[in-house]
Structure formats: structure tokens, C-alpha cells
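K.L.:
Take the sequence shown: its position 252, counted from the start at 1, is 252 in our numbering, and no numbers get skipped.
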Amino acid sequence: MSSFIINGGKRLRGEIIVGGSKNAVLPIIFASIMTEGVSVLRGAPDISDVRVALGILEDLGAVAWRVGDKLYIDTTSLRYTPPRECLVSQIRASAYLLGACLARFGEAELAPFGGCAFEHRPIDMHLQAISLLGAEQIGSRFLAKKLHGATIIHKTVSVGATVNAILLATAANGTTRIFGYAKEPHVILLIDYLRLAGADISVFDDYLLIEGGAPLVGAEITVIPDMIEAGTFLALSLATDSELKIVGASQGELKSFLAVLERGGVTVVCDDDSVTARGKPTSPLEVITAPYPEFPTDLQPQTAALMSATSGGKITEGVWRSRFGYLNELEKFGVRFSRDGATATVYPSRLHSARAVATDLRGGAAELILALLTSGESVINEAQIINRGYESIIKKLRAVGAEIYEI
Ligand code: EPU
Numbered sequence: 001m002s003s004f005i006i007n008g009g010k011r012l013r014g015e016i017i018v019g020g021s022k023n024a025v026l027p028i029i030f031a032s033i034m035t036e037g038v039s040v041l042r043g044a045p046d047i048s049d050v051r052v053a054l055g056i057l058e059d060l061g062a063v064a065w066r067v068g069d070k071l072y073i074d075t076t077s078l079r080y081t082p083p084r085e086c087l088v089s090q091i092r093a094s095a096y097l098l099g100a101c102l103a104r105f106g107e108a109e110l111a112p113f114g115g116c117a118f119e120h121r122p123i124d125m126h127l128q129a130i131s132l133l134g135a136e137q138i139g140s141r142f143l144a145k146k147l148h149g150a151t152i153i154h155k156t157v158s159v160g161a162t163v164n165a166i167l168l169a170t171a172a173n174g175t176t177r178i179f180g181y182a183k184e185p186h187v188i189l190l191i192d193y194l195r196l197a198g199a200d201i202s203v204f205d206d207y208l209l210i211e212g213g214a215p216l217v218g219a220e221i222t223v224i225p226d227m228i229e230a231g232t233f234l235a236l237s238l239a240t241d242s243e244l245k246i247v248g249a250s251q252g253e254l255k256s257f258l259a260v261l262e263r264g265g266v267t268v269v270c271d272d273d274s275v276t277a278r279g280k281p282t283s284p285l286e287v288i289t290a291p292y293p294e295f296p297t298d299l300q301p302q303t304a305a306l307m308s309a310t311s312g313g314k315i316t317e318g319v320w321r322s323r324f325g326y327l328n329e330l331e332k333f334g335v336r337f338s339r340d341g342a343t344a345t346v347y348p349s350r351l352h353s354a355r356a357v358a359t360d361l362r363g364g365a366a367e368l369i370l371a372l373l374t375s376g377e378s379v380i381n382e383a384q385i386i387n388r389g390y391e392s393i394i395k396k397l398r399a400v401g402a403e404i405y406e407i
């Protein structure tokens with residue numbers, strides 16, 4: 001357990017360098033189970049989700065170590081052991097054990113995969129892909145006696161189901177086509193890693209084509225900067241009337257987020273590897289979340305915090321229809337809102353410091369924005385949830401002038 005104590009109301013100044021992407025590094029860590037040899041992940045963030053994932057791999061016999069910003073994972077000698085519940089229940093990405101372990105060992109376990117509990121998170125599409133590729137489910141166990149290529153048509157866009165389908169199809173003999181796949185930059189980076197490891201994967205607009213069955217060896221790849229971390233700091237900068245330069249932010253990946261800000265009256269200045277946002281939104285922000293390249297659901301709570309501090313706005317959730325539980329915690333800071341199904345309206349609000357609880361990773365980040373913008377002392381309990389996805393957040397915020405510490 002940890003708490004963040006924040007003495008807010010200060011304008012922040014300087015540069016923040018974005019860390020490696022959580023949702024990019026995790027699938028690659030689990031995919032390394034399918035390779036033999038040493039993989040090198042440059043720029044892998046040192047966050048608690050990564051440490052938990054490495055603990056799961058170490059139980060399987062992997063050896064992991066860091067040198068500078070490089071994370072090395074040696075998966076030469078692995079043997080299957082059912083994952084420990086105390087580890088898999090901490091992170092959502094442990095669901096990737098299904099594809100990775102079936103591919104490497106021919107067996108896997110259905111376990112209580114964790115992650116932010118803002119909504120029921122089904123895995124029916126993961127299971128459908130696994131079954132189509134030839135694995136058999138017996139109770140909570142899966143066995144892959146004879147994997148084969150298949151045509152997989154996803155009913156909705158799912159990052160997790162796409163990742164599991166890619167992992168298993170890479171091991172299955174024959175041709176697999178995955179229609180309706182998730183196009184997030186982190187999914188494309190996983191494909192890059194698997195290709196470097198020896199997989200035959202082609203990316204088309206409508207589908208992925210995988211010729212499976214090739215042996216995979218360890219590969220070296222650079223983890224892309226975290227676009228959600230970048231967007232979080234841009235929202236913070238605008239909400240606190242600061243002018244933070246966010247280094248490592250990709251204008252291309254943040255296009256839909258930046259477009260919403262610009263339509264609201266914000267000036268966005270981009271150069272090769274940084275983004276700065278200036279001014280405050282002057283008209284209500286309109287957000288509709290949807291799979292990439294549309295507005296990311298993982299930036300809607302932080303944008304709600306920004307709305308409450310400025311011109312208000314409306315959010316329609318197209319990915320997690322009830323991802324609004326965090327608004328009850330934002331209310332403690334004075335945020336006014338109303339909700340109607342998958343839509344929330346956030347009103348310009350008279351904000352003040354508060355004691356709140358981080359409900360989930362991005363909801364916690366939204367609370368942090370409000371704590372930093374309001375004068376006086378705020379406390380965010382259960383702040384370890386924020387550390388799951390934001391590398392060295394206290395250090396980064398202090399370096400730009402924030403008064404924040406962790407107990
Ligand atoms: N869905 C199904 N069936 C499935 C899988 C998903 O119906 O078998 C639905 C979900 O209910 C949801 C939609 O598909 O409505 C999208 O879910 P997805 O599978 O894409 O989510 P995920 O893979 O569980 C990842 C990120 C989340 C992010 C979502 C959407 C990781 C570890 N997690 O989750 O990130 O919100 O994609 O982009 O990559 C976060 O970082 O804070 C976070 C929650």
C-alpha cells in the first residue's frame with residue numbers, strides 16, 4: 001500500500017521524458033516465453049506490472065536482468081509450472097500466458113487474470129481463438145496436442161484477444177488469418193518483435209496473415225514510448241496552466257487526443273520527438289473513445305479531470321461502456337458530472353484539494369491531476385495502483401516543480 005501526498009496549486013515548468021509503454025512491453029515479455037535464447041528489450045519501463053510479469057516468467061525458469069535501460073530475458077531453459085495466483089491476479093497481461101504457454105509447452109491454465117477492475121473483462125474471444133487454433137479446454141486446463149492454422153474473425157476489436165491469437169497462431173502449423181484485429185501501436189510492436197524472432201506475419205488493412213510453425217529465437221527490440229503516459233502529462237500541463245514539454249510523445253499516435261484538444265481551443269506544438277500543449281480549452285471537449293486510431297479509452301479519465309478544470313465536456317465510452325466509477329472519487333475534489341449509460345457529462349467545477357482513493361490506474365492518474373492543480377494538501381491512497389503504469393512518476397513530477405511525496 002502506498003499514498004501520494006501532494007501540495008498542489010503550483011505551475012509546473014520544464015520537460016518530462018516519457019517512459020517505455022506498459023501495454024507494449026507486457027505482450028513482448030510474455031511472447032518471449034515462445035522463444036529460445038536471450039531477448040533484449042531496450043527502454044523497458046521499470047514499473048510494477050513489468051516486475052510482476054518477470055516474476056511469472058522466472059517461475060517458468062526464465063532469467064531476467066537489467067543493464068541500464070535494457071531488460072534482458074533468457075528463456076533458454078523453461079519448463080511448465082502452473083502460474084501462481086498471487087502473481088497472475090495482479091496484472092491483466094497475464095492472460096497472455098494462455099497463448100504463450102500453449103505455444104511453448106502445449107499446456108496452459110485458466111487463472112484469475114488481474115488488472116484494473118473498472119468493468120467485467122470477458123475473455124470469450126481469447127478462448128474462441130485458442131479453440132479455433134486446435135487447443136482443447138478440459139476444465140481450467142488447456143492442452144495443445146495439434147495446433148493448426150485457422151480463420152479467426154473477431155466480433156469486436158480486442159487488444160488482448162488479438163495478442164493471444166497472434167501468439168498461438170505463430171506456433172500453429174499452417175496459415176492463420178485474423179480479421180478485425182486490434183491496430184494499436186503496441187500490437188504492431190509485438191508483431192515486429194515476433195518477426196525479428198523468426199515468425200512469418202504479414203499485416204494487411206483488414207487482417208493479419210500468419211504462416212505458423214517456425215522456431216523462434218530471442219530478439220532485440222526498442223519499446224515505444226508510452227502514448228498514454230504522454231497524454232496524461234499533456235492533460236496535467238493544460239489543467240495546471242503549465243507549459244510542459246513532453247519528450248517522447250508521438251504526434252501520430254496521439255492524433256485523436258490532440259485533435260480533441262485543438263477543437264477545444266488548445267494550441268498544440270509538435271516537433272520530431274516532443275509535444276507541448278498551450279492555453280486552456282475554451283469550449284467543451286467532446287470525447288468518443290474507440291479502438292486505435294480513435295480516442296483511447298485509457299486517456300478518458302485524465303481528460304475528464306481536464307474538463308472539470310476548464311470548459312467541461314462530454315465523454316462517450318465506446319470500449320468500456322461503464323468505465324466511469326472513478327468519477328465518484330473525482331467528486332471529492334469538487335468535480336460535477338452527470339451520467340447516462342455510456343455517456344458522462346463533466347461540468348466546469350469549483351475544485352479543491354481532497355483525500356481520495358485511486359480506483360484504477362487511469363482513474364488514479366486523473367485524481368493526481370486534480371491534486372496537483374488544486375491548492376492545499378491532497379492525499380491519494382492506494383497509490384501503488386498508479387505506480388503500476390507510470391515509471392518514476394514522483395521523480396518526474398518533482399523535477400518539474402511539483403510538491404509530491406510517497407509514503
Ligand atoms: N472483449 C470481449 N471479449 C474478449 C475480450 C474483450 O468482449 O474476449 C471486449 C471488452 O469487454 C472491451 C473490448 O473488447 O469492451 C476491448 O477490450 P480489450 O480486450 O481490447 O482490452 P484488454 O486487452 O483487456 C487492453 C489494455 C487496457 C485498455 C484496453 C483497450 C493491456 C494490458 N490492457 O486491455 O489498458 O483499456 O486494451 O484499449 O494492454 C490500462 O492500461 O489502463 C488499461 C486498462
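Heads up, the beta-carbon is just placed ideally off N, CA and C, and yes, glycines get one too.
I want to know whether the segment 66 to 73 touches the segment 81 to 90 - three or more CB-CB distances under 8 Å.
P.N.:
no
K.L.:
For chain D, is any of its Cβ atoms less than 8 Å away from the one on Ser3?
P.N.:
In the structure shown, chain D cannot be found, because there is only a single protein chain.
K.L.:
What whole-angstrom Cβ distance do Thr232 and Gln300 have, given they're in contact under 8 Å?
P.N.:
Numbered from its first residue, the sequence shown carries residue 232 at position 232. Numbered from its first residue, the sequence shown carries residue 300 at position 300. With 8 Å as the limit, Thr232 and Gln300 do not qualify as a contact, their Cβ atoms being about 11 Å apart.
K.L.:
Inspect the beta-carbon positions of Ala402 and Val223 and report whether they are closer than 8 Å.
P.N.:
Within the sequence shown, the letter at position 402 stands for residue 402. Within the sequence shown, the letter at position 223 stands for residue 223. For Ala402 and Val223, no; Cβs fall outside 8 Å.
K.L.:
By Cβ distance below 8 Å, which residues in the same chain neighbour Gly325 in space, the five residues on each side in sequence not counted?
P.N.:
Translated into the one-based positions of the sequence shown, residue 325 becomes position 325. Excluding positions up to five away in sequence, the list reads Phe118, Thr359, Asp360 and Gly363.
K.L.:
I'd like to know whether the C-beta atoms of Gly218 and Ser77 end up nearer to each other than 8 Å.
P.N.:
If you number the sequence shown from 1, residue 218 lands on position 218. If you number the sequence shown from 1, residue 77 lands on position 77. Taking a C-beta distance under 8 Å as the contact criterion, Gly218 and Ser77 do not qualify as a contact pair.
K.L.:
Return the residue from the list Phe295, Glu220, Asp46 and Ala366 that minimises the CA-CA distance to Val18.
P.N.:
Here the question's residue 18 lines up with position 18 in the sequence shown. The option with the nearest alpha carbon to Val18 is Asp46.
K.L.:
At a cut-off of 7 Å, would you count Asp273 as near the ligand EPU, judging by its Cβ distance to the nearest heavy atom?
P.N.:
For the purposes of this step, residue 273 is taken as the residue at position 273 of the sequence shown. No, Cβ of Asp273 sits at least 7 Å from all heavy atoms of the ligand EPU.
K.L.:
Taking Gly99 as the reference, give the member of Lys395, Pro348, Thr162 and Gly334 with the closest Cα.
P.N.:
Within the sequence shown, numbered from 1, the residue matching residue 99 stands at position 99. The residue with the shortest Cα to Cα distance from Gly99 is Thr162.
K.L.:
What does the Cβ neighbour count give for Tyr405, buried or exposed, with the cut at 16 atoms within 10 Å?
P.N.:
For the purposes of this step, residue 405 is taken as residue 405 along the sequence shown, with counting starting at 1. Exposed is the call here.
K.L.:
Kindly examine the ligand EPU and report whether one of its heavy atoms sits closer than 7 Å to the Cβ of Leu368.
P.N.:
Within the sequence shown, the letter at position 368 stands for residue 368. False, no ligand heavy atom lies under 7 Å from that Cβ.
K.L.:
Is Thr359 near the ligand EPU - that is, is its Cβ less than 7 Å away from at least one heavy atom of it?
P.N.:
For the purposes of this step, residue 359 is taken as residue 359 along the sequence shown, with counting starting at 1. False, no ligand heavy atom lies under 7 Å from that Cβ.
K.L.:
When we look at the beta-carbon of His120 and count the other beta-carbons within 10 Å, is it buried (16 or more) or exposed?
P.N.:
As a first step, residue 120 must be located in the sequence shown, where it is residue number 120. Counting C-beta atoms within 10 angstroms of its own C-beta, His120 has fewer than 16 neighbours from the protein chains shown and is therefore classed as exposed.
K.L.:
Taking the beta strand (DSSP E) that Ala7 falls in, what are its first and last residues?
P.N.:
Counting from one through the sequence shown, the residue named residue 7 turns up at place 7. The sequence shown places Asn at residue 7, rather than the Ala named in the question. Phe4 to Gly8 is the extent of the beta strand (DSSP E) around Asn7.
K.L.:
Sorted by chain position, which residues of the same chain lie with C-beta nearer than 7 Å to Ser256's C-beta, five sequence neighbours on each side aside?
P.N.:
Reading the sequence shown from its first residue, position 256 is the one you call residue 256. Excluding positions up to five away in sequence, the list reads Pro293, Glu294 and Phe295.
K.L.:
Where do the N-terminal and C-terminal ends of the beta strand (DSSP E) with Glu406 fall, by residue?
P.N.:
Here residue 406 corresponds to residue number 406 of the sequence shown, with the count starting at 1. From DSSP, the beta strand (DSSP E) with Glu406 extends over Glu403 to Glu406.
K.L.:
Would you grab the beta carbon distance between Ser237 and Leu12 for me? Rounded to a whole angstrom, and I think it's under 8 Å.
P.N.:
For the purposes of this step, residue 237 is taken as the residue at position 237 of the sequence shown. For the purposes of this step, residue 12 is taken as the residue at position 12 of the sequence shown. Contact flag correct, Cβ pair sits at about 7 Å.
K.L.:
Between Glu329, Ala342 and Ala111, which lies nearest to Leu351 when the distance is taken from Cα to Cα?
P.N.:
Here the question's residue 351 lines up with position 351 in the sequence shown. Measuring from the Cα of Leu351, the nearest candidate turns out to be Glu329.
K.L.:
Return the residue from the list Ser3, Lys22, Phe4 and Ile386 that minimises the CA-CA distance to Pro225.
P.N.:
Position 225 of the sequence shown holds residue 225. Residue Lys22 is the option with its Cα nearest to Pro225.
K.L.:
What residues in its chain sit with their C-beta under 6 Å from that of Thr267, if we drop five residues either side in the sequence?
P.N.:
By one-based count along the sequence shown, residue 267 stands at place 267. Here the set comprises Arg278 and Gly279.
K.L.:
Identify every run of the alpha helix (DSSP H) within the segment 240 to 268, keeping only runs that are complete inside it and at least 4 residues long; order them along the chain.
P.N.:
255 to 263
K.L.:
Kindly confirm or deny that the segment 201 to 213 and the segment 156 to 172 touch, where touching means at least three C-beta pairs closer than 8 Å.
P.N.:
Touching, per the Cβ criterion.
K.L.:
For a test of the three-state rule: what should DSSP assign to Gln137, helix, strand or coil?
P.N.:
Here residue 137 is taken as the residue at index 137 of the sequence shown, counted from 1. Strand, per DSSP.
K.L.:
For the putative contact between His154 and Phe113, defined by C-beta atoms under 8 Å, what is the C-beta separation to the nearest angstrom?
P.N.:
As a first step, residue 154 must be located in the sequence shown, where it is residue number 154. As a first step, residue 113 must be located in the sequence shown, where it is residue number 113. Incorrect: roughly 19 Å between the Cβ atoms, too far for contact.
K.L.:
Flag Leu26 as yes when its Cβ comes closer than 7 Å to any non-hydrogen atom of the ligand EPU, and as no otherwise.
P.N.:
Here residue 26 refers to the residue found at position 26 of the sequence shown. Yes.
K.L.:
Please name the residue, chosen from Arg92, Leu373, Ala165 and Ala144, that lies closest to Thr151 on a Cα-to-Cα basis.
P.N.:
The residue given as residue 151 occupies position 151 in the sequence shown. It is Ala165.
K.L.:
Mapping the DSSP letters down to three states, classify Gly149 as helix, strand or coil.
P.N.:
Along the sequence shown, read from residue 1 onward, the residue named residue 149 stands at position 149. Of the three classes helix, strand and coil, the one that applies to Gly149 here is coil, per DSSP.
K.L.:
Given the structure, does Ser158 come close to the ligand EPU, in the sense that its CB is under 7 Å from one of the ligand's heavy atoms?
P.N.:
Position 158 of the sequence shown holds residue 158. Under cutoff, so the answer is yes.
K.L.:
Which residues mark the beginning and the end of the beta strand (DSSP E) in which Ala199 is found?
P.N.:
By 1-based counting over the sequence shown, the position of residue 199 is 199. Segment: none, Ala199 is in no beta strand (DSSP E) and carries neither H nor E.
K.L.:
Can you tell me the Cα-Cα spacing of Pro82 and Ala93, whole angstroms?
P.N.:
As a position in the sequence shown, residue 82 is number 82, starting the count at 1. As a position in the sequence shown, residue 93 is number 93, starting the count at 1. Between Pro82 and Ala93, the C-alpha separation is close to 16 Å.
K.L.:
Out of Trp65, Gly160 and Leu254, which has the shortest C-alpha to C-alpha gap to Thr276?
P.N.:
To locate residue 276, count along the sequence shown from 1; it is residue 276. The candidate whose alpha carbon is nearest that of Thr276 is Leu254.
K.L.:
May I have the straight-line CA-CA distance separating Glu391 from Gln137, to the nearest angstrom?
P.N.:
The residue you call residue 391 lines up with position 391 of the sequence shown. The residue you call residue 137 lines up with position 137 of the sequence shown. So the two alpha carbons sit approximately 37 Å from each other.
K.L.:
Going by beta-carbon coordinates alone, are Arg141 and Glu109 separated by less than 8 Å?
P.N.:
Stepping through the sequence shown from its first residue, residue 141 is reached at position 141. Stepping through the sequence shown from its first residue, residue 109 is reached at position 109. Yes. Within cutoff.
K.L.:
Under 8 Å, do His126 and Gly160 count as touching if we go by C-beta distance?
P.N.:
Translated into positions along the sequence shown, residue 126 becomes position 126. Translated into positions along the sequence shown, residue 160 becomes position 160. In contact: His126 and Gly160 (Cβ atoms closer than 8 Å).
K.L.:
Quick one: using the 10 Å Cβ neighbour count with 16 as the cut-off for buried, is Ile73 buried or exposed?
P.N.:
Start at 1 with the first residue of the sequence shown, and residue 73 comes out as number 73. Looking at its Cβ environment, which holds 16 or more other Cβ atoms inside 10 Å, Ile73 is buried.
K.L.:
Under 8 Å Cβ to Cβ from Ala24, same chain only, skipping five residues before and after it: list those, please.
P.N.:
Your numbering for residue 24 matches position 24 in the sequence shown. Here the set comprises Pro185, His186, Leu189, Leu190, Val223, Ile224 and Asp226.
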